[in-house]
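Worksheet: the structure to be examined is printed underneath.
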Amino acid sequence: MHLNHATCVALAGKGVLLRGFSGAGKSDLALRLIDGGAKLVADDQVLCDAEAGAVFASAPPAIAGLIEVRGLGLMRLEYVQRAEVALVVDLVAPERIKRLPLAAVCEIEGIELPLIELSPFEASAPAKLSLACQALARGAALGEDMALFPPQPA
1 MHLNHATCVA LAGKGVLLRG FSGAGKSDLA LRLIDGGAKL VADDQVLCDA
51 EAGAVFASAP PAIAGLIEVR GLGLMRLEYV QRAEVALVVD LVAPERIKRL
101 PLAAVCEIEG IELPLIELSP FEASAPAKLS LACQALARGA ALGEDMALFP
151 PQPA
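Under the numbering used here, the first residue of the sequence shown carries the number 1, and numbering increases by one thereafter.
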């Protein structure tokens, strides 16, 4: 089991691990995702463990259900006890983001997971994460080849 300085939300039932330095926007982006229907898994510290070829995220017991909201303090929210991590997001400055990135992965607990970079304070960040999760759910590889997959009917 590994402790990560990150925040995790469950979006459409799958875990999205938001990584970044203190003040990078992990909790802020998580709040906007939660406002759009995601569920909190853990804020600021995320326990990750491997099981049956997958990575699962959970909160350390002392902070389960808590999220730090700048200007308000610690707030208690409904949370999911455990979620399978489907996507890792590194939060970076807007100028670091490539327009057409190649597919990337990172390794957690010996398991490779899809990795993207986003600027957390962009208004479109929650929508971009939703699109990435939808693409992964239909089997698309994240990266410049995503446009090759035909659009799915609504």
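Cβ atoms here follow ideal geometry from the backbone N, Cα and C, with glycine treated the same way.
Close Cβ partners of residue i (< 8 Å) along its chain, the five nearest in sequence each way excluded
{"i": "I97", "result": "E117, L118, S119"}
{"i": "L77", "result": "I34, L40, G65, L66, I67"}
{"i": "V85", "result": "C8, K14, G15, V16, L17, C48, A54, V55, F56, A57, I108, L113"}
{"i": "V69", "result": "S27, L31, M75"}
Boundaries of the beta strand (DSSP E) in which residue i is found, first to last residue
{"i": "D49", "result": "46–51"}
{"i": "L102", "result": "Per DSSP, L102 belongs to no beta strand (DSSP E) and is neither H nor E."}
{"i": "H2", "result": "2–4"}
Residues near residue i by beta carbon distance below 6 Å, same chain, minus five either side
{"i": "F121", "result": "G25"}
First through last residue of the alpha helix (DSSP H) which encompasses residue i
{"i": "P120", "result": "It is not in any alpha helix (DSSP H) - P120 carries neither H nor E in the DSSP assignment."}
{"i": "A137", "result": "125–137"}
CB of residue i within 9 Å of CB of residue j, strictly
{"i": "A57", "j": "G20", "result": "no"}
{"i": "V105", "j": "L91", "result": "no"}
{"i": "A54", "j": "A42", "result": "no"}
{"i": "P126", "j": "G13", "result": "no"}
{"i": "A132", "j": "L72", "result": "no"}
{"i": "A10", "j": "L18", "result": "no"}
{"i": "V89", "j": "L31", "result": "no"}
Residues of its chain near residue i, where Cβ-Cβ distance is below 7 Å and the 5 sequence neighbours each way are ignored
{"i": "L3", "result": "Q45, L47"}
Are at least three pairs of beta-carbons, each pair with one atom in the region 34–54 and one in the region 102–114, less than 8 Å apart?
yes
Check your understanding: Which whole runs of the beta strand (DSSP E) in the region 11–98 are 3 residues long or more, in chain order?
Key -> 14–19, 39–42, 46–51, 54–58, 66–69, 73–76, 83–91
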